[in-house]
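First to last, the protein sequences are chains A and B.
Quick note on numbering: the first sequence equals residues 149 to 289 in this note's numbering.
Quick note on numbering: the second sequence equals residues 7 to 312 in this note's numbering.
Taking it in order: structure first as structure tokens, then the write-up.
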Amino acid sequence: MREVEVMQIHISTHDKVPIYLQVVNQIRYLVAAGRLAAGDELPPIRVLAEQLVVNPNTIARAYRELEQAGIVEKRRTAGTYVTEQGSPLARRERLKILTERIDQLLAEALQMDVKLEDIIKLVNQRSTALNASRLKDSTDA
Amino acid sequence: MPEPFLSLATSIIEIHRLIRQFDDKVALNDLTLTVPRGGVFGLIGGNGAGKTTLIRHILGMLKARTGSVRVFGLDPITDPVGVLGRIGYLSEDRDLPNWMRVHQLMRYTAAFYPNWDSHYAQELRDAFDLDPKAKVKTLSRGQRARAGLLIALAHRPDLLVLDEPSSGLDPVVRRDILGAIIRTIADEGRTVFFSSHLLDEVERVADRVAIIHEGKILLTASMDDIKESHRRMTLRFERAMSQPPSLIGTLACEGAGVEWTYICSGETVQLRRAAESIGATIVDDAAMTLDEIFVSRIQSSVAMPL
Chain A
149 MREVEVMQIH ISTHDKVPIY LQVVNQIRYL VAAGRLAAGD ELPPIRVLAE
199 QLVVNPNTIA RAYRELEQAG IVEKRRTAGT YVTEQGSPLA RRERLKILTE
249 RIDQLLAEAL QMDVKLEDII KLVNQRSTAL NASRLKDSTD A
Chain B
7 MPEPFLSLAT SIIEIHRLIR QFDDKVALND LTLTVPRGGV FGLIGGNGAG
57 KTTLIRHILG MLKARTGSVR VFGLDPITDP VGVLGRIGYL SEDRDLPNWM
107 RVHQLMRYTA AFYPNWDSHY AQELRDAFDL DPKAKVKTLS RGQRARAGLL
157 IALAHRPDLL VLDEPSSGLD PVVRRDILGA IIRTIADEGR TVFFSSHLLD
207 EVERVADRVA IIHEGKILLT ASMDDIKESH RRMTLRFERA MSQPPSLIGT
257 LACEGAGVEW TYICSGETVQ LRRAAESIGA TIVDDAAMTL DEIFVSRIQS
307 SVAMPL
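Spelled out as structure tokens, the structure:
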């Protein structure tokens with residue numbers, strides 16, 4: 149457990165995604181990637197607002213959304229903490245991120261006229277290739 | 007006519023049907039605007055849209071000839087002490103007395119404000135790296151802006167008014183100014199009203215926005231609502247069209263043949279339903295940046311006067 153002093157979040161106003169959603173998405177990603185761990189304390193709203201140079205209400209809204217999604221929780225000390233990711237809610241969250249990615253993939257495949265069975269075949273192939281290279285890396289090390 | 011008491015509690019600035027004419031040029035054209043208490047309000051508009059003229063009315067530097075201006079529920083002309091004592095102001099040209107030194111400027115300004123916080127003033131002077139012995143005249147453009155910001159902030163005003171605070175400044179000083187805006191409203195209940203034509207900074211720090219064009223407010227809403235209620239949709243029709251079929255909420259439309267791109271405002275669900283009702287397939291549907299929204303609003307106001 150630690151206090152996260154600087155979160156690696158980057159805001160772009162050229163992005164069409166609203167700023168609060170950029171914050172939500174990036175924290176979701178940091179948690180799913182294990183770069184934020186259960187029990188880590190997020191920076192206070194005004195600290196993150198000053199760091200990112202965005203309105204504090206925007207950060208407050210992002211934290212609220214993350215809390216509703218079960219990714220963070222408020223504690224009595226008024227801090228905001230990353231929740232235990234083994235919980236069913238957290239698992240649901242991870243699946244939600246993957247679902248969004250898969251939806252994008254399917255939409256692109258449809259446009260390129262690639263059939264579902266070919267996609268599944270490709271996913272299996274990639275998984276085998278990835279496992280093989282991982283195995284190689286670990287024996288090399 | 008006095009405003010109802012209830013509105014005084016929830017809004018800081020109330021401007022009602024304000025008209026201002028300079029010779030034969032209309033600067034403010036029957037303008038009405040309410041700025042709620044708390045948060046950051048961004049006034050966006052091009053050069054000559056009326057931003058500075060509006061701000062000068064808020065500060066009591068211009069008297070409303072037609073219409074009314076109320077700040078904290080008071081008339082800035084008849085009660086300048088009650089209004090200006092609670093406002094911190096930084097003008098676009100940052101006019102400061104050139105012959106003073108920084109420490110004299112601070113002492114001089116402190117005398118005007120009973121709430122002057124000299125500890126906070128020192129803190130800001132250190133943070134901004136301002137030399138107390140330096141003459142205002144010799145300050146660089148960025149240091150001048152910081153000095154102006156210091157005297158606008160150090161009496162912890164209820165309302166901070168900034169006219170084009172970043173114009174002509176480098177990114178480091180701009181960041182200082184935006185940081186000061188954020189710290190100011192992190193203090194409970196304070197309000198920032200700033201004008202800008204730099205839409206990326208408005209998008210970052212403002213929670214409410216008004217678009218001013220030719221002395222009129224074209225649109226005022228929360229930043230979230232503005233971003234969520236504008237979409238660019240590309241529609242595909244079964245047969246080629248010489249003119250795009252009209253769609254509810256359309257601000258602009260471009261295209262040819264079977265594909266037309268509409269820029270429209272409204273609820274996403276309703277827009278999609280409207281598109282389907284004219285027999286179109288939505289082939290692309292995207293959100294827009296504040297920049298794109300601003301441009302399409304200005305252009306559509308020229309094309310179809312309200």
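Even glycine gets a Cβ: it sits at the ideal position worked out from N, Cα and C.
Original post:
Does the beta-carbon distance from B:TYR114 to B:LEU168 come in below 9 Å?
Top reply: no
Subject >> Contact list for A:VAL202 against chain B, beta-carbon separation under 7 Å >> reply: ARG210 and VAL211
Original post:
If you check the beta carbons only, do B:LEU224 and B:GLY154 fall under 9 Å apart?
Top reply: No; because the gap between Cβ atoms is not below 9 Å, this pair is not in contact.
Subject >> Start and end residues, alpha helix (DSSP H) containing A:GLN178 >> reply: A small fix is needed here, since residue 178 of chain A is Leu in this sequence, not Gln. Residues 167-180.
Subject >> C-alpha distance - A:VAL154 paired with A:PRO191, whole-angstrom precision >> reply: 7 Å
Subject >> Reduced DSSP category for B:LYS143 - H, G, I as helix; E, B as strand; rest coil >> reply: helix
**OP:** Could you say if the segment 200-210 of chain A and the segment 184-193 of chain B meet the contact criterion of at least three C-beta pairs nearer than 8 Å?
**Re:** yes
Subject >> Other residues of its chain near B:TRP122: CB distance less than 8 Å, five sequence neighbours each side excluded >> reply: THR115, ALA116, ALA160 and HIS161
Original post:
chain A beta carbons: is any one of them nearer than 9 Å to that of B:MET19?
Top reply: As written in the sequence, residue 19 of chain B is Ile, which differs from the Met given in the question. Taking Cβ atoms only, chain A never reaches closer than 9 Å to B:ILE19, which makes this a no.
Original post:
Would you say A:VAL191 faces chain B, with C-beta separation under 9 Å as the test?
Top reply: A quick correction: the sequence has Pro, not Val, at residue 191 of chain A. No, because no Cβ of chain B sits closer than 9 Å to the Cβ of A:PRO191.
Subject >> Inter-residue Cα distance where the pair is B:LYS57 and A:GLU265 >> reply: 60 Å
Subject >> Endpoints, the alpha helix (DSSP H) within which A:ASN205 is located >> reply: 204-216
Subject >> Own chain residues within Cβ distance below 8 Å of A:ILE219, not counting five before or after >> reply: ILE175, ARG176, VAL179, VAL230, THR231, ALA238 and GLU241
Subject >> Outcome for A:GLN170 when other beta-carbon atoms lying within 10 angstroms are tallied against a minimum of 16 >> reply: Counting Cβ neighbours within 10 Å, A:GLN170 comes out buried, since at least 16 surround it.
Subject >> Contacting residues, own chain, Cβ-Cβ under 8 Å from B:GLY263 (five flanking each side not counted) >> reply: ALA246 and MET247
Subject >> Where B:ASP230 meets chain A, residues with beta-carbon distance less than 7 Å >> reply: PRO166
Original post:
How would you label B:PRO177, buried or exposed, when you count the other beta carbons within 10 angstroms and need 16 or more for buried?
Top reply: With fewer than 16 neighbouring CB atoms inside 10 Å of its own CB, B:PRO177 falls in the exposed class.
**OP:** Look at the Cβ atom of B:VAL108, then the Cβ atom of B:LYS139, and state whether they are nearer than 9 Å.
**Re:** Annotated as proximal: B:VAL108 and B:LYS139, with beta-carbon spacing under 9 Å.
Original post:
Should A:GLU153 be flagged as near chain B, meaning a C-beta pair shorter than 9 Å?
Top reply: no
Original post:
Would A:ILE159 count as contacting chain B if we go by Cβ distances under 9 Å?
Top reply: A:ILE159 belongs to the set of residues whose beta carbon lies under 9 Å from a beta carbon in chain B.
Original post:
Got a sec: is the Cβ-Cβ distance from A:ALA197 to anything in chain B below 9 Å?
Top reply: yes
Subject >> Short CB-CB distance (under 9 Å) between B:LEU24 and chain A >> reply: no
Original post:
Helix, strand or coil: how does DSSP classify B:PHE243 here?
Top reply: In the structure shown, B:PHE243 falls within a strand segment according to DSSP collapsed to helix, strand and coil.
Original post:
Just checking my contact of B:ILE217 with B:ILE50 at CB under 8 Å: how many whole Å lie between their CB atoms?
Top reply: With 8 Å as the limit, B:ILE217 and B:ILE50 qualify as a contact, their Cβ atoms being about 6 Å apart.
**OP:** From the DSSP output, read off the bridge partner residues of A:LYS222.
**Re:** A:THR228
**OP:** Would you list the residues sitting across from B:GLN27 in a DSSP beta bridge?
**Re:** B:VAL32
Original post:
For the candidate residues B:GLU260, B:GLN149 and B:ILE269, whose alpha-carbon lies nearest to that of B:ILE254?
Top reply: The candidate whose alpha carbon is nearest that of B:ILE254 is B:ILE269.
Original post:
Looking only at C-alpha atoms, which of B:GLY79, B:GLY66, B:GLN128 and B:GLN276 sits nearest to B:THR40?
Top reply: B:GLY79
Original post:
Can you name the residues of chain B whose CB is closer than 8 Å to the CB of A:ASN205?
Top reply: GLY45 and ASP213
Subject >> Inter-residue CB distance, B:LEU277 and B:GLU209 (contact presumed, cutoff 8 Å) >> reply: Wrong, their Cβ atoms sit about 22 Å apart, outside the cutoff.
Subject >> Inter-stretch contact (C-beta, 8 Å, three-pair minimum) for the segment 124-135 of chain B and the segment 82-94 of chain B >> reply: no
Original post:
So, is B:LYS182 buried or exposed, given that buried needs 16 or more other C-beta atoms within 10 angstroms?
Top reply: Per the sequence shown, residue 182 of chain B should be read as Asp rather than Lys. So B:ASP182 ends up on the buried side.
Subject >> Within chain B, the residues that A:ARG194 reaches when beta carbons sit closer than 7 Å >> reply: Below the 7 Å Cβ cutoff, chain B contributes ALA192 as neighbours of A:ARG194, in chain order.
Original post:
My guess is that B:ARG237 and B:ALA293 are in contact by the Cβ rule of under 8 Å, so how many angstroms apart are they, rounded?
Top reply: Approximately 6 Å separates the beta-carbon atoms of B:ARG237 and B:ALA293; this is inside 8 Å, confirming the contact.
Subject >> Chain-ordered neighbours of B:ARG181 on chain A, where CB pairs are closer than 8 Å >> reply: VAL201
Original post:
If we cut at 9 Å on Cβ distances, does B:GLY239 have a partner in chain A?
Top reply: Before going further, note that residue 239 of chain B is Met rather than Gly in the sequence given. Chain A, which has no Cβ nearer than 9 Å to the Cβ of B:MET239, makes this no.
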